[in-house]
Structures are given as structure tokens and as C-alpha cells.
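Asker: Here it is: the structure, laid out below.
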Amino acid sequence: MKTALRLSERFDPTLVGKDGVFQRLDSSAADQPGALIYAAQVNFLNAGLANENVSAFLVPPDLEERVKAAGKSYVVSPTPRLEFFRLYQQLHVEGWLEPEWEPSMGVDCRIHPDATVSPKVRLGDRVVIEAGARIGDHCVIGDDAYIGQNAVIGADGLMPVIDEEGNALRFSHAGSVLLGDRVVVLAGTCIVKSVFGRPTTIGSDSYVGLLTNIGHDVSIGRRCVVGGNCVLAGASVLEDGAEVWASTSVAQGTRIKAGAKIHMGSVVVQTVEAGEAVSGNYAYNHRKRALDHLRKTK
Numbered sequence: 007m008k009t010a011l012r013l014s015e016r017f018d019p020t021l022v023g024k025d026g027v028f029q030r031l032d033s034s035a036a037d038q039p040g041a042l043i044y045a046a047q048v049n050f051l052n053a054g055l056a057n058e059n060v061s062a063f064l065v066p067p068d069l070e071e072r073v074k075a076a077g078k079s080y081v082v083s084p085t086p087r088l089e090f091f092r093l094y095q096q097l098h099v100e101g102w103l104e105p106e107w108e109p110s111m112g113v114d115c116r117i118h119p120d121a122t123v124s125p126k127v128r129l130g131d132r133v134v135i136e137a138g139a140r141i142g143d144h145c146v147i148g149d150d151a152y153i154g155q156n157a158v159i160g161a162d163g164l165m166p167v168i169d170e171e172g173n174a175l176r177f178s179h180a181g182s183v184l185l186g187d188r189v190v191v192l193a194g195t196c197i198v199k200s201v202f203g204r205p206t207t208i209g210s211d212s213y214v215g216l217l218t219n220i221g222h223d224v225s226i227g228r229r230c231v232v233g234g235n236c237v238l239a240g241a242s243v244l245e246d247g248a249e250v251w252a253s254t255s256v257a258q259g260t261r262i263k264a265g266a267k268i269h270m271g272s273v274v275v276q277t278v279e280a281g282e283a284v285s286g287n288y289a290y291n292h293r294k295r296a297l298d299h300l301r302k303t304k
């Protein structure tokens, strides 16, 4: 277990409203105890206060009274997101965010000599990694998985962080990637590492097509299909058996429930219910959209 850190040792003590300790950085959805989160808006603060795993908060001045009344440890800053990710990068450089990790290599793996595989990976048995593929630190790849040419597993993703002077700060992800057994990732696809402790995940027996972008903290269930040239933005969720076909974009945090089907070229910005088929920009029920199109073209 990581050593607990004290707020007053990591932030300007004059900004600490109530001192306390934390053991990890996370979001309001933290699933492990001792999390420090930032909450720039009241909905995220309320979600964090309702989560017993969140022990400390970074909040703007207008939310101070709410977190104070809840008795939680907190830091007040006009720029809580910036302060949070500054701390994230400091802890990342110090190695404090490094996952506890034992690398391993299965039997009968076939790794092309032009592929690059970090020594900090766990490969199952009979994994195939083609030419030009790159597997970064803290990736787990299950038995019989296939990684196509020039695919990148464990990249840093887009996380814009701007300081007080308008300068862009470099942000490096400290998380991991988990690919289940028999996952197929085709050429040119990029899968981004998670930001927090939970890995970006693709469940067993799932396919990811050519030139697709899987964002940080995405969760893809078992037996899913993601077609080529798709974008699944950060923290989006595909439940078991969902299908997302070519050139579709799924907005950040959107959930596509079990067995749903997203037709090609769609832009999905809200929850898709289990077994539902949707299409279009913005996507809604595919049958209704087809009928609407027929009416317009008569």
C-alpha cells in the first residue's frame, strides 16, 4: 500500500481548509479508499461526498462551505483542476503513482523483431505482436491476443491542462491497459493508458478495427466489436456484446449498454439502451431515423 500523503505537505498550507491525508488521486467514481479528487462543479462535489472512498477534495471558493459542512478534508483554490494535475505530474515524476507491478511473459508468444515491447508488461500465452507495434509500460495482454502492425497499446492521450499564464502543460498518464484473452487489435489502432488506478480495459473475445482511437479509462466489455476509424472518448463504456461500427464517435463518459448496435458514421452523445440500434449525428433509434429519411426523400 502506498504511503499516505498529507494535504498541508503538498499544497500551500494557507489554502488548506481542513488538513487530512490521502492515498491516491482519483475521480468522484473512486472505487478504492483514500482518494483525493478535484470538484470544480457542484455535481462532481455531490458525487464525491456520496462516495465513501473519497477522503479529500480540491474545490473552488464557492464550494468551500458545502465541503466544510460535510466535515471532509479539503483544499481551496480558484483553479482546482490545475492544482490537481500539477500534483498528479509531481507524484508521477516521483514514482508515487507507479502501479505495483510484476512483469511476466507467457509461452509461445510471437513478437516481431520490429515491435517494441516495454519490459514492464504482462503477456499471456501465444500472444502475437506484429511489426511496428508498440506496447507501453503497465499493459496486460491476455492469452491468444493479436496486436496488429503499428498499433500502440499504452499511449498518453489528450488531456489539456493550461496554467495561469496560458501555457500548455504536458500531461503524462500514470495508469495501465488491460486486454483480455483473444482480443484482436488491428493495425494502426491506439489505446490510451488510464489516468487513475483502473485500467483502460478491453474484455475477452472483443475486436477493435483499423485506425481506431480508444481513450483513457474506457471500459469495453466481452464480445464487443469496435469498427475501424472509430473514436471512443475518455471514460466511455461499452457493455458486453455491444457493437460500434466504422467511423463512429462516442462522447466522453457515454454508456452503450449490453447488445446495443451503433451503425456506421454515428455520433453518440447519450446513453444507448440495451439491445437498441441507433444511427446518425446525433444518434437516435435507427428504425426511426430510417423512416424519417424515407419521408424526407419522397
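If you're matching positions, the sequence shown starts at 7 in the numbering used here and goes up one per residue. Virtual Cβ for every residue (Gly too), placed ideally from N, Cα, C. All values reported here derive from a predicted model rather than from experimental measurement.
1) To which residues of the same chain is E89 closer than 8 Å at the C-beta, ignoring the five residues directly before and after it?
2) Report the CB separation of A280 from K263 in whole angstroms; it is logged as a contact under 8 Å.
3) Rounded to the nearest angstrom, what separates V250 and N287 at their Cα positions?
4) Can you tell me which of the three DSSP states V201 falls into?
5) Compute the beta-carbon to beta-carbon distance between V201 and G181, rounded to the nearest angstrom, for a pair I have assumed lies under 8 Å.
6) Could you round the C-beta distance between G163 and D149 to whole angstroms and report it? I think they count as a contact, below 8 Å.
7) Short of 6 Å in beta carbon distance, which residues of its chain neighbour P39, apart from the five on each side in sequence? Order them along the chain.
8) Can you look up L64 in the DSSP assignment and give me helix, strand or coil?
9) Looking at C-alpha atoms only, which residue of V256, A296, N235, G265 is the closest neighbour of G247?
10) I need the boundaries of the alpha helix (DSSP H) containing G54, first residue and last residue.
11) Do you know whose CA, among V99, G26, D120, D37, lies nearest G77's CA?
12) Give, in chain order, every unbroken run of the beta strand (DSSP E) that is at least 3 residues long and sits entirely within the segment 204-289.
13) M111: which of E136, V146, L97 sits nearest, CA to CA?
14) Which of the three DSSP states, helix, strand or coil, is assigned to F17?
15) Using the three-state DSSP reduction, which class does F91 fall into: helix, strand or coil?
16) What are the start and end residues of each continuous beta strand (DSSP E) run of 3 or more residues lying completely inside the segment 97-131, in chain order?
17) Please classify S178 as buried or exposed, where buried requires at least 16 neighbouring CB atoms within 10 angstroms.
18) Per DSSP, K302 forms a beta bridge with which residues?
19) Are A6 and D114 closer than 9 Å when you measure CB to CB?
20) On the DSSP bridge assignment, give the partners of V189 in chain order.
21) Straight-line CA distance for N57 to A10?
22) Straight-line CA distance for T121 to P105?
23) Alpha carbons only, please: which of N173, V127, G209, L217 is nearest the one belonging to C229?
24) Could you tell me which of I197, S61, R30 sits nearest to S225, measuring between CA atoms?
25) Over what stretch of residues does the beta strand (DSSP E) that includes K24 continue unbroken?
26) Could you check which residue in M270, L300, Q258, H269 has the C-alpha nearest to that of I276?
27) Classify I135: buried if its beta carbon has 16 or more other beta carbons within 10 angstroms, exposed otherwise.
28) Alpha carbons only, please: which of V237, V22, T20, A62 is nearest the one belonging to A36?
29) Can you tell me the Cα-Cα spacing of A137 and T195, whole angstroms?
30) Quick one: is V48 buried, meaning 16 or more other Cβ sit within 10 Å of its Cβ, or exposed?
31) Under the DSSP definition of a beta bridge, which residues are partnered with L31?
32) What is the DSSP secondary structure of L11, counted as helix, strand or coil?
Answerer: Concretely, from the data shown:
1) Counting from 1 along the sequence shown, the entry for residue 89 is found at position 83. Taken in chain order, the residues that qualify are F17, Y44, L64, V81, S83.
2) Looking up residue 280 in the sequence shown gives position 274. Looking up residue 263 in the sequence shown gives position 257. With 8 Å as the limit, A280 and K263 qualify as a contact, their Cβ atoms being about 4 Å apart.
3) Here residue 250 corresponds to residue number 244 of the sequence shown, with the count starting at 1. Here residue 287 corresponds to residue number 281 of the sequence shown, with the count starting at 1. Cα to Cα, V250 sits roughly 14 Å from N287.
4) Against the sequence shown, residue 201 aligns to sequence position 195. Correct three-state label for V201: coil.
5) Taking the first residue of the sequence shown as 1, we reach residue 201 at position 195. Taking the first residue of the sequence shown as 1, we reach residue 181 at position 175. Contact flag correct, Cβ pair sits at about 6 Å.
6) Looking up residue 163 in the sequence shown gives position 157. Looking up residue 149 in the sequence shown gives position 143. Rounded, the Cβ-Cβ distance is 27 Å, inconsistent with contact.
7) The count along the sequence shown starts at 1 and reaches residue 39 at position 33. N59.
8) Start at 1 with the first residue of the sequence shown, and residue 64 comes out as number 58. Note: L64 maps to strand in three-state DSSP.
9) By one-based count along the sequence shown, residue 247 stands at place 241. Considering only alpha carbons, the answer is G265.
10) Residue numbering aside, residue 54 sits at position 48 when the sequence shown is read from its first letter. Here the alpha helix (DSSP H) through G54 covers 48-55.
11) Along the sequence shown, read from residue 1 onward, the residue named residue 77 stands at position 71. For the residues V99, G26, D120, D37, the minimum Cα distance to G77 belongs to G26.
12) 206-208, 283-285
13) Along the sequence shown, read from residue 1 onward, the residue named residue 111 stands at position 105. Of E136, V146, L97, the residue nearest in Cα terms is V146.
14) Mapped onto the sequence shown, residue 17 falls at position 11. In the structure shown, F17 sits in coil (DSSP, three-state: anything other than H, G, I, E or B).
15) Against the sequence shown, residue 91 aligns to sequence position 85. Here F91 sits in helix by DSSP.
16) 127-129
17) To locate residue 178, count along the sequence shown from 1; it is residue 172. Counting Cβ neighbours within 10 Å, S178 comes out exposed, since fewer than 16 surround it.
18) Your numbering for residue 302 matches position 296 in the sequence shown. Bridge partners of K302: none, in fact.
19) With the chain covering only 7 through 304, there is no way to say anything about residue 6.
20) Position 183 of the sequence shown, counting from 1, holds the residue named residue 189. Partner(s): none; V189 has no beta bridge.
21) Indexing the sequence shown from 1 puts residue 57 at position 51. Indexing the sequence shown from 1 puts residue 10 at position 4. Their Cα atoms are separated by approximately 19 Å.
22) Locating residue 121 in the sequence shown gives position 115, where the first residue counts as 1. Locating residue 105 in the sequence shown gives position 99, where the first residue counts as 1. The sequence shown places Ala at residue 121, rather than the Thr named in the question. If you take the alpha carbons of A121 and P105, they lie about 24 Å apart.
23) Along the sequence shown, one-based indexing puts residue 229 at 223. Note that residue 229 is Arg in the sequence shown here, rather than Cys. Comparing Cα positions, the closest option is G209.
24) Numbered from its first residue, the sequence shown carries residue 225 at position 219. Selected option, being the one with the closest Cα: I197.
25) On the sequence shown, residue 24 is found 18 positions in, with the first residue counted as 1. Here the beta strand (DSSP E) through K24 covers 22-24.
26) Indexing the sequence shown from 1 puts residue 276 at position 270. At residue 276 the sequence reads Gln, which differs from the Ile that was named. Nearest of M270, L300, Q258, H269 to Q276, Cα basis: Q258.
27) Sequence index remark: in the sequence shown, residue 135 carries index 129 (1-based). Under this definition I135 is a buried residue.
28) Numbered from 1 along the sequence shown, position 30 holds the residue referred to as residue 36. The shortest C-alpha separation from A36 is found at A62.
29) Translated into positions along the sequence shown, residue 137 becomes position 131. Translated into positions along the sequence shown, residue 195 becomes position 189. Rounded to whole angstroms, A137 to T195 spans 13 Å at the Cα level.
30) Sequence index remark: in the sequence shown, residue 48 carries index 42 (1-based). When all chains shown are included, V48 counts as exposed.
31) Mapped onto the sequence shown, residue 31 falls at position 25. Paired residues: L42.
32) Here residue 11 refers to the residue found at position 5 when the sequence shown is read from its first residue. Here L11 sits in strand by DSSP.
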